[in-house]
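Structure record follows, encoded as structure tokens.
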Amino acid sequence: MQNFFELFSLAKNFNTDLSKLEMAYQRQVGKFHPDKFATATDKEKNLALQNTSLVNTAYDTLKSPLLRATYLLELEGINAFDEKDTQMDVAFLMSQIELRESLEVIESSKDEIELDDFIENITSKIRMNINKISTAFDSDYDQIKNLVRELKFYEQLNLHAKQLMDELI
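With the numbering used here applied, the sequence shown corresponds to residues 44 to 212, in that order.
Pasting the structure below:
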């Protein structure tokens, strides 16, 4: 099977051109549109459905910086979330605890302004982390693996904070 980058005729690179990805996605998904298979056999319809599912999965993976970086590591035989590999930077782990505690305090106080500032801070950390991943690719896979783990944490924390904001509004 070809990899997701090949599926969209893109270079295997973290710095993927998202507009090219979008155009390639539209071309690929158009090949398997249900209208094209209206008179096809059940087998052909099922195959088109499977291909559409693959194209959608590939697109979602390459569109997301976290999923794209994780996928690129997997192509190199590296599992960023290997349960046996729990080594993480101590400073990051301490900051992770502090951020979680800060969010809990904000949640208890129901302070929308503090929450908005918190979300801006986490969004900034996500951007910085993505930039670090971009710079580190092709040089240090261990560093990238740790950055991907950090990015996952920040994205989950950001999601939680945004859900909290929705509840407060």
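All residues carry an ideal CB built from backbone N, CA and C; glycine is no exception.
Beta-carbon proximity of K63 to L53, cut-off 8 Å: As a working mapping, residue 63 is identified with position 20 in the sequence shown. As a working mapping, residue 53 is identified with position 10 in the sequence shown. Less than 8 Å divides the Cβ of K63 from the Cβ of L53.
Can you tell me where the alpha helix (DSSP H) holding P108 begins and where it ends? Taking the first residue of the sequence shown as 1, we reach residue 108 at position 65. That run of the alpha helix (DSSP H) goes 108-118.
Out of curiosity, what's the CA-to-CA distance linking D183 and K86? Counted from its first residue, the sequence shown places residue 183 at position 140. Counted from its first residue, the sequence shown places residue 86 at position 43. C-alpha separation (whole angstroms): 45 Å.
Can you have a look at I176 and say buried or exposed, based on whether 16 or more other CB atoms are within 10 angstroms of its CB? Residue numbering aside, residue 176 sits at position 133 when the sequence shown is read from its first letter. Counting Cβ neighbours within 10 Å, I176 comes out buried, since at least 16 surround it.
Over what stretch of residues does the alpha helix (DSSP H) that includes Q130 continue unbroken? For the purposes of this step, residue 130 is taken as the residue at position 87 of the sequence shown. Counting along the chain, Q130 falls outside any alpha helix (DSSP H), and DSSP gives it neither H nor E.
In whole angstroms, what is the alpha-carbon distance linking T69 and T178? The residue you call residue 69 lines up with position 26 of the sequence shown. The residue you call residue 178 lines up with position 135 of the sequence shown. The residue asked about is misnamed: residue 69 is Gln in this sequence, not Thr. C-alpha of Q69 to C-alpha of T178: approximately 29 Å in a straight line.
Excluding the 5 residues preceding and the 5 following Q186 in the sequence, name in chain order all residues of the same chain whose CB lies nearer than 6 Å to its CB. For the purposes of this step, residue 186 is identified with residue 143 of the sequence shown, where counting begins at 1. Within the same chain, Q186 has close Cβ partners A179.
Using 10 angstroms around the beta-carbon of L211, count the other beta-carbons present and answer buried if the total reaches 16, otherwise exposed. Locating residue 211 in the sequence shown gives position 168, counting from the first residue. Exposed, because fewer than 16 other Cβ atoms sit within 10 Å of the Cβ of L211.
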